[in-house]
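Undergrad:
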Amino acid sequence: MSGTTDGRTVDVAVIGAGIVGLGIAWAAALSGRTVAVIDAAPARGATFAAAGMLAAVSELLFPEEDLLELTLTSAALYPSFVESLVVDAATVGYRETGTLVVGVDAADRHTLADLRGLQVAHGLNASPLLVREAREIEPLLSAHISAAYRVAQDHQVDPRLLAARLQSALAKLARRSGWVHQPAIRQNAVRLLHEKPSDSHSRVTGVALHDGSTVAANEVVVANGLAAGALGGLPGGLELPLRPVLGDILRLRIPSPLQPFLTETIRGLVRGNSVYLVPRSDGTLVLGATQREHGTDVAPIGGVYQLLRDAQALVPAIAELELLEVTTRARPGTPDNAPLLGRVSSGARGSDIPGLIIATGFFRHGVLLTPIAAQICVEMFDNPGDPRWHRFRPDRFSPHSLKEHTRA
């Protein structure tokens, strides 16, 4: 590796300490590489608001079928991913209880039936239930729901607990392995460094930080969500069309007399509006599903009201819970709602730029896709990676990529 630095030298520098960046850093460290994770506010972005549903089946949508293989593969990796952290599953809130999908009125029933048809067409299992059967599983469900399905393979994890454990596990591994530096760098990246400073298509050799210091690295992974497109030193012509998709999350405390409130995640349609209720082992409940592409990072009163109203239509006793927190965060969306994941072409040279991987644009699926994103990145350190995932290349929206696709 060429170039000098007044900072540290590592095998892998990961820009961004959300759940995806931390997962990639952990997998890289387990592969025997030294790692730096660069972020001024680790796990305080979209990860902080995420509900943690691992819902490859129940989140399958008609326009996003190309994502299914990726989401199913990642969901299957979750048990071993959690096991690699050498903790009990409960420590990170990993629960293999299933998901109940329910609807309120006749239109909701028809929509859910259509979605189940899509799931069945892809070989997935969403078992129809009588309302009575659904209420035997969750006695607090409203007697007035019109449809119910159970998806046994859609599980959950607590993103805040998982992010905290990833950070502590990285620090512990660094100490045990005798790394010169701890992995966490609590500041933001400013730009990528290149082997040839005047050529943004030359090998990436490290990262310049906000305080003027640098980190030299054999591989740099850009995993800082919406901020990725503003990073200096990105290859010329690369377009990362990220858009902020805001979501509001409520956290509620369940009074002792009502515990256990729910045992499974509830995903519902209430007169066409989506809502989910995710029970946590600590006696709290996560409530969400708003989605908007305009506004600020402060939850509008109308959105909070809608969530509570729709949740109460599914589980009337929600009115007895205590409001702990209202959180709004923006998730990084892309034009096709699929991640930007992989290496970047040098354009006319016809090869990929060494030393650079992009991992952003995970939209609703950041928590679910963390294990597969980590696996893909580590594989690409040594080889071109699995061709199944090349369709998620981060340069697929860039002009040179479009031209090459047209010629092909």
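When we follow numbering that gives the first Met the number 0, the leftmost residue of the sequence shown carries the number 0, and every step to the right adds one.
Here a beta-carbon is modelled for each residue, glycine too, at the ideal position from N, C-alpha and C.
Keep in mind it's a predicted model, so treat the numbers as computed, not measured.
(1) Grouping DSSP H, G and I as helix and E and B as strand, with all else coil, what is His293?
(2) Inspect the beta-carbon positions of Gly365 and Ala45 and report whether they are closer than 8 Å.
(3) Between the Cα of Gly15 and the Cα atoms of Ala358, Asp394, Arg395, which residue gives the shortest distance?
(4) Count Cβ pairs between the region 157 to 173 and the region 90 to 97 that sit closer than 8 Å; are there 3 or more?
(5) Grab the span of the alpha helix (DSSP H) containing His109 for me, first residue to last.
(6) What residues are listed by DSSP as bridge partners for Gly267?
(7) Please identify the residue among Asp87, Thr264, Ser79, Ala146 whose C-alpha is closest to the C-alpha of Asp153.
(8) Starting from Ile357, trace the beta strand (DSSP E) both ways and give me its first and last residue.
(9) Figure out for me which residue from Ile371, Leu169, Gly116 has the closest Cα to the Cα of Leu53.
(10) Roughly how many whole angstroms lie between the Cα atoms of Ala12 and Asn272?
(11) Pick from Phe61, Leu129, Gly51, Asn336: whose alpha carbon is nearest that of Ala74?
(12) Only counting the same chain, and skipping five residues up and downstream in sequence, which positions put a Cβ closer than 8 Å to that of Gly97?
(13) Taking the CB atoms as reference points, tell me whether Ala55 and Val377 lie closer together than 8 Å.
(14) From the DSSP secondary-structure annotation, give me the bridge partner or partners of His193.
(15) Excluding five sequence neighbours on each side, which residues of the same chain lie with their C-beta closer than 7 Å to the C-beta of Ala105?
(16) Determine, using beta-carbon pairs with one atom in the region 323 to 335 and one in the region 243 to 251, whether at least three such pairs fall under 8 Å.
(17) Which whole-angstrom value describes the C-beta separation of Leu268 and Gly102, a residue pair presumed to lie in contact below a C-beta threshold of 8 Å?
(18) Please name the residue or residues paired with Ala304 in a DSSP beta bridge.
(19) With a cut-off of 8 Å on the beta carbons, I'd call Val9 and Ala24 a contact; round off their distance for me.
(20) According to DSSP, is Leu59 helix, strand or coil?
(21) Run through the DSSP bridge pairs and tell me what Val11 is partnered with.
(22) Where does Ile375 fall in DSSP's three states?
(23) So is Phe362 buried or exposed if we call it buried at 16+ other beta carbons inside 10 Å?
(24) Within 8 Å, do at least three Cβ pairs link the region 328 to 345 to the region 183 to 191?
TA: So, from the listed chains and residues:
(1) coil
(2) yes
(3) Ala358
(4) yes
(5) 105 to 120
(6) Val101, Val274
(7) Thr264
(8) 355 to 359
(9) Ile371
(10) 41 Å
(11) Gly51
(12) Arg149, Val150, Ala151, Gln152, Asp153, His154, Glu263, Thr264
(13) no
(14) Val203
(15) Ser145
(16) yes
(17) 4 Å
(18) Residue 304 is actually Tyr in this sequence, not Ala. Its beta-bridge partners do not exist; DSSP assigns none.
(19) In fact, because the Cβ distance is near 10 Å, the residues do not count as touching under 8 Å.
(20) coil
(21) Val34, Glu218
(22) helix
(23) buried
(24) no
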